[in-house]
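Student:
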Ligand SMILES: [Zn+2]
């Protein structure tokens, strides 16, 4: 992995604008990136210069490079089910902070997230968690603390998806590296939710 830093001229605001514009192109069906050409590979072989880091779900319907119409080298993407702030994800975020210096970090949840749904179902059953996904569910359960279990399943899931984004944001902001970068004004932390039905990315919070 090359560790060229982000372009210092790209501010966090500009990086967020690029993501929003890319998502608009994606939804309109007018992507800028329509395929790799050999000359692009030669140019990109000099190293990555991502302008944003994205912590997103591993769900096959939510590939950040596509939904933000990004080309190779533009996004540093960490994907784990439920975008949980697990040790491996945390280590990759630290790498993005320390070696790539990307000005923007987005936590990207999505409507209908299966990992969040599994946590809701586990809470509803009040039974033992499926041992196959124990670690995943336990990492998400704290996000459900403020989600009313009496809501309809769909509303519970939608609220829980947002809460799970905010949980990851809090854990990042509370980490040693995250706190250091936020206090130094070297990072904008943004939460967002992707809707598979419309293709739209909706911003939640900006820190
Ligand atoms: Zn998911």
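Residue numbers (the working numbering): -13 to 193.
In this text, a Cβ means the ideal position worked out from N, Cα and C, and glycines have one as well.
(1) Near residue 176, what residues of its chain come up, given a Cβ to Cβ distance below 6 Å and the 5 sequence neighbours on each side ignored?
(2) Terminal residues of the continuous alpha helix (DSSP H) containing residue 115?
(3) Specify, as a first and last residue, the run of the beta strand (DSSP E) that residue 188 falls within.
(4) Start and end of the alpha helix (DSSP H) containing residue 156?
(5) Closer than 8 Å by C-beta to residue 121: which residues in its own chain qualify, once you throw out the five before and the five after it? Chain order, please.
(6) Could you give the first and the last residue of the continuous beta strand (DSSP E) run that contains residue 96?
(7) Report yes or no: do the segment 142 to 150 and the segment -3 to 9 share at least 3 C-beta pairs separated by less than 8 Å?
(8) Please report the distance separating the alpha-carbon of residue 8 from that of residue 187.
(9) Any idea what DSSP makes of residue 65, helix, strand or coil?
(10) My output table needs one value for residue 183: the three-state DSSP class, helix, strand or coil.
(11) How long is the line joining the alpha carbons of residue 150 and residue 110, rounded to whole angstroms?
(12) Since I believe residue 137 is in contact with residue 106 (beta carbons under 8 Å), could you give me their beta-carbon distance rounded to a whole number of angstroms?
(13) Where does residue 135 fall in DSSP's three states?
(14) Give the single residue among 90, 94, 128 and 85 whose Cα lies nearest to the Cα of residue 47.
(15) Starting from residue 1 and walking both ways along the alpha helix (DSSP H), at which residues does that stretch end?
(16) With distances taken between CB atoms, is the gap from residue 63 to residue 50 smaller than 7 Å?
Tutor: Reading it off the structure:
(1) 92 and 192
(2) Element bounds for residue 115: n/a, residue is neither H nor E.
(3) 187 to 192
(4) Where residue 156 is concerned, the enclosing alpha helix (DSSP H) starts and stops at 139 to 160.
(5) 72
(6) 90 to 96
(7) Inter-segment contact for the segment 142 to 150 and the segment -3 to 9 is absent: fewer than three beta-carbon pairs are separated by less than 8 Å.
(8) One C-alpha to the other measures close to 10 Å.
(9) strand
(10) coil
(11) 17 Å
(12) Rounded, the Cβ-Cβ distance is 10 Å, inconsistent with contact.
(13) coil
(14) With respect to the C-alpha of residue 47, the residue from 90, 94, 128 and 85 having the closest C-alpha is 94.
(15) -2 to 14
(16) yes
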